[in-house]
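Enquirer: So the protein lines, in turn, are chains A and B.
Counting from 35, one number per residue, gives the positions in the first sequence under the working numbering.
Counting from 611, one number per residue, gives the positions in the second sequence under the working numbering.
From the three backbone atoms N, C-alpha and C, an ideal C-beta is built for every residue, glycine too.
Computed from a predicted model, the values in this text were never measured in an experiment.
Got a structure for you, questions after.
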Amino acid sequence: MIHIFRRILNRLRAGNPRDRREGSSDGTGDSDADSGAIRTDGGESVSTTSTPTVSVSTRIRRLFQDERVAGLLFWVPPFLLMGWFVYGAIGWNVVISLTDWSGLGQPLYDSFDLGMYRELLSDPSFRVAARNQVVLMITFTVAALGLGLLLAIMIDQNIRFENTFRTVYLLPMALSFVVTAIFWSWIYNAEIGLINQALETVGLGAIALDWLGDPRTKLAAVIVALTWQFSGYCMIVYLAALRAIPNEHYEAAKVDGASTIRMYWRVILPQLRSATTSATVVLMVFALKAFDFIFVMFGDTPGPSADILSVMMFREAFSRSNWAYGSAVATVLFLLALAIVVPYLYTQHKRGDL
Amino acid sequence: MTDSDTSDSTHSSDQDSTANDGGALGWVRARLNATSPRRLALYALLAAVLVLFLSPLWSGFMTSLKSQTAFATTAPYAPPLPSEMVAQPWFEAWSRLQGGMFNSLLFGIPATIFSAFLGSMAAFGLTKIDWRGQLAVLLLFVAGVFIPYQSVLVPLRVFWGMVGIESMMLTAESSVAVLPVIPALFAALAERADLIELMITHTAFGIPICTVLFRGYYLTIDDDILEAAKIDGASTLRVYWRIILPLSKPMFAVTLIYQFTNIWNDLLFALVLVTSSSSHVATQKLNELQGAMVSEYNLQMAGAFLVALPTLIIYVVFGKQFAKGVAGEQ
């Protein structure tokens, strides 16, 4: 990157041979600017190295004929905006997590230490939230992948109404977590919710529970609902992968006399590995930041059976004004996301898929 | 991939289609004769999952049409009796949510458009122009897709507190006070300062996924076209404007739909950035409605449907584009 900027500087400071050669023939549109004689640094020394008639505007235009320089115009503005809000803010968050900032007022950047992180390690609620986080991440990912794969295989059987089925299975992905949390709160309602009513209708009223109140089922209830919402995504990913497998592979397996299940297990599943990897990364990272759904269902204090790090972060920072402490939890979340994404991007890069 | 193109010779049993005569019933009968038990089981399973998937929406919709006493005494999946059917929850929910939905549109539409355009620009600069160091920059964009919002929330609050969009707008208002109309515009912007913050934040956080989506698409565009244009003397800007942008239309559809859905559906950024209650967005208002009307499930359900309506309509009309956006996030 540095050499591009050096090139820009060089070009601006002194016109290159091409400038001189084309200076007079190309100057038609810039005649006003030329007569205005706006020079780079105005000094005589400059005009000895470049043709005096080449104005800055011409030079800039010339500069942008270089593709790479013109390319800067395209990626630098979005990069700066994104870079500041994403990476700048992450760095700032780490800095805040090293202070003792809490309560009203502005952060003081006078002393930095790892105090907040030490506090985290001895905080039982952090341990509980971290444990729930891991449980949620693993069970939700496995469940959504499994259901998604099943749906994709079923839909890939040359079925009728394929579009209708696909549309319905993917539909929950289009809904806000606020919306789905409200629907599921109603479904899980202990007295008149759909699940308990249905259980009673089929004579299983005995196993009807207060799904959202009972600490044993709280987290499971969240996982079921999130699986419902995300398996359509897995289905789409798997369906694309299944359809990329050449037909001959199916045919060859059939000629070998393999049963359908054996064929999927031996021939098809191994070819879905990269789809599984990328879907796993997306699901796990989502599980890390799952906030909206749990927050709408339980508020900022879901209790020890359903608390996760992202909710704890919000509670500490924005409900209790323990800003530095909340930032420390946020840093942990960021590092966890990094631990998932970096190996993934690295292997993608190695395989040339990036 | 329409319903009708199931013509694959490997499943000949499915192909002797008599769908065109005798209507639905005739079709079902012919189908039952033609299909094996195994295929019937497949369809039964597909339909069962379909019912399971729709049941949260179904029980919500039925409940939203029932009166307070009706939903407490009837099964949640049963349709309302004609005598107990009411539209009042919908009207009440609408009166509580309309301001929020308006605010969501107000910041969501510009944020969607900005992030799509910026993503397209970045993708163009990073795919169609070769330079060293490209990969490092690209990696930062791709990794940005996976960053948890939580890791930036506290600095965001501090940063926007320091910038002070509201006072900025008020200063602008007073400095152009002599002009017509424009001061009023600044005053209106000052009132919605929280939404401006939200719009910029969502734009910035939408850029990574938009860049990834556009990049995947631009890699498929033949470089020969661009080379030819360059030989004809077209500048890079012109190549982008005249060749890339027109070719990007289908990808813009995907990105705009996907991104609008994301932004409309988000709650977390709004919770952190939008403090004045007149600027609360749709998801925030819905969350408040749920918190305030704890036992009024009919009202809650109607409200949930109202907030879901824009994204549902987009999903039903542009399902294919939405699916592409979803699949691109790999």
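Compile a chain-ordered list of the residues in the region 887-907 of chain B whose CB is closer than 7 Å to at least one CB of chain A.
Expert: Listed in sequence order: T893, L896, N897, Q900, Y907.
Enquirer: In chain A, which residues lie less than 8 Å from B/T921 when you measure between Cβ atoms?
Expert: Simply A208, L209, S210.
Enquirer: Could you run through the region 845-878 of chain B and flag, in chain order, every residue whose CB is less than 8 Å away from some CB of chain A?
Expert: For the region 845-878 of chain B, which is checked against every Cβ of chain A, the residues closer than 8 Å are S845, T846, L847, Y850, T871, W874, N875, D876, L877, L878.
Enquirer: Please identify the residue among B/K859, B/L716, B/L909 whose C-alpha is closest to the C-alpha of B/A703.
Expert: Minimum Cα distance to B/A703 is reached at B/L909.
Enquirer: Using a Cβ-Cβ cut-off of less than 9 Å, list which residues of the region 649-671 of chain B approach chain A; keep chain order.
Expert: Of all residues in the region 649-671 of chain B, R649, L652, Y653, L655, L656, A657, V659, L660, L662, F663, L664, S665, P666, L667, W668, S669, G670 have a Cβ within less than 9 Å of some Cβ in chain A.
Enquirer: Helix, strand or coil for B/M695? Go by DSSP, reduced to three states.
Expert: Here B/M695 sits in strand by DSSP.
Enquirer: Taking Cβ positions only, does A/Q393 come closer than 9 Å to chain B?
Expert: Missing from the structure shown is residue 393 of chain A; chain A here goes from 35 to 388 and no further.
Enquirer: So that I know if they touch, is there some Cβ in chain A lying closer than 9 Å to that of B/A937?
Expert: By this cut-off, B/A937 is an interface position.
Enquirer: Would you list the residues sitting across from B/K676 in a DSSP beta bridge?
Expert: According to DSSP, B/K676 bridges with B/M695.
Enquirer: So, with DSSP's three-state summary, where would you put B/E906?
Expert: Note: B/E906 maps to coil in three-state DSSP.
Enquirer: Can you tell me whether B/S619 is helix, strand or coil according to DSSP?
Expert: Bear in mind that a pLDDT of 36 at B/S619, under 50, signals an unreliable position, so the model cannot answer this.
Enquirer: CB-CB under 6 Å to A/A163, same chain, minus the five flanking residues each way: which ones, in chain order?
Expert: So the list reads D341, I342, L343, M346, once near-sequence residues are dropped.
Enquirer: Quick one: Cα of B/L922 to Cα of A/A208, how far?
Expert: One C-alpha to the other measures close to 7 Å.
Enquirer: How big is the Cα-Cα spacing for B/L655 and A/H283?
Expert: If I take the Cα positions, the gap works out to 26 Å.
Enquirer: Taking the Cβ atom as the reference point for each residue, do A/Q167 and A/L370 lie within a distance shorter than 9 Å?
Expert: Yes. Within cutoff.
Enquirer: For chain B, is any of its Cβ atoms less than 9 Å away from the one on A/V168?
Expert: False, the Cβ-Cβ gap to chain B never drops below 9 Å.
Enquirer: By alpha-carbon positions, which one of A/G149, A/D334, A/W218, A/F174 ends up nearest to A/L322?
Expert: It is A/F174.
Enquirer: For B/V936, count neighbouring Cβ atoms within 10 angstroms of its own Cβ and tell me buried if that reaches 16, exposed if not.
Expert: B/V936 comes out buried.
Enquirer: Give the residues of chain B in contact with A/V375, contact being defined as C-beta atoms less than 8 Å apart.
Expert: Chain B residues near A/V375: A753, F756.
Enquirer: Name the two residues that bound the continuous alpha helix (DSSP H) containing A/A274.
Expert: It spans 252-278 - the alpha helix (DSSP H) in which A/A274 sits, taken as one unbroken run.
Enquirer: Mark B/T885 as exposed unless 16 or more other C-beta atoms lie within 10 angstroms of its C-beta, in which case mark it buried.
Expert: Classification for B/T885: exposed.
Enquirer: Which one of B/S646, B/V696, B/G754, B/E694 has the shortest CA to CA distance from A/L379?
Expert: Answer by Cα proximity: B/G754.
Enquirer: Which residues in the same chain as B/I835 place their Cβ atom closer than 7 Å to its Cβ, once the five residues preceding and following it in sequence are excluded?
Expert: Excluding positions up to five away in sequence, the list reads I853.
Enquirer: Helix, strand or coil for A/A178? Go by DSSP, reduced to three states.
Expert: Three-state DSSP puts A/A178 in a helix.
Enquirer: Would a check of beta-carbon distances place A/A232 closer than 9 Å to chain B?
Expert: Yes, because at least one Cβ of chain B sits closer than 9 Å to the Cβ of A/A232.
Enquirer: What is the rounded straight-line gap between the Cα of A/I172 and the Cα of A/V319?
Expert: A/I172 and A/V319: Cα-Cα distance of roughly 11 Å.
Enquirer: Does DSSP classify A/Q167 as helix, strand or coil?
Expert: Helix, per DSSP.
Enquirer: Is there a C-beta anywhere in chain A that falls below 9 Å from the one on B/T722?
Expert: Chain A, which has no Cβ nearer than 9 Å to the Cβ of B/T722, makes this no.
Enquirer: Cβ atoms of B/V917 and A/V212: under 9 Å apart, would you say?
Expert: Closer than 9 Å, so yes.
Enquirer: Closer than 8 Å to a non-hydrogen atom of the ligand ZN - does that hold for the CB of B/E898?
Expert: As far as ligands go, the structure on display features none, and thus does not contain the ligand ZN.
Enquirer: Suppose contacts are defined by Cβ-Cβ distances below 9 Å. Is A/M269 in contact with A/A186 by that definition?
Expert: Result yes, Cβ atoms of A/M269 and A/A186 sit closer than 9 Å.
Enquirer: Apply the 10 Å Cβ neighbour rule to A/K384 and answer buried if 16 or more other Cβ atoms are within range, or exposed otherwise.
Expert: With fewer than 16 Cβ atoms within 10 Å of its Cβ, A/K384 is classed as exposed.
Enquirer: If A/V363 and A/L154 are in contact, beta carbons under 8 Å, what's the gap, nearest whole angstrom?
Expert: Indeed they touch by this definition, with Cβ atoms about 7 Å apart.
Enquirer: Taking 9 Å as the threshold (beta carbon to beta carbon), is A/I270 in contact with chain B?
Expert: Yes, A/I270 lies at the interface with chain B (some Cβ there is under 9 Å from its Cβ).
Enquirer: Does the distance from the CB of A/F327 to the CB of A/F348 come in under 9 Å?
Expert: No; because the gap between Cβ atoms is not below 9 Å, this pair is not in contact.
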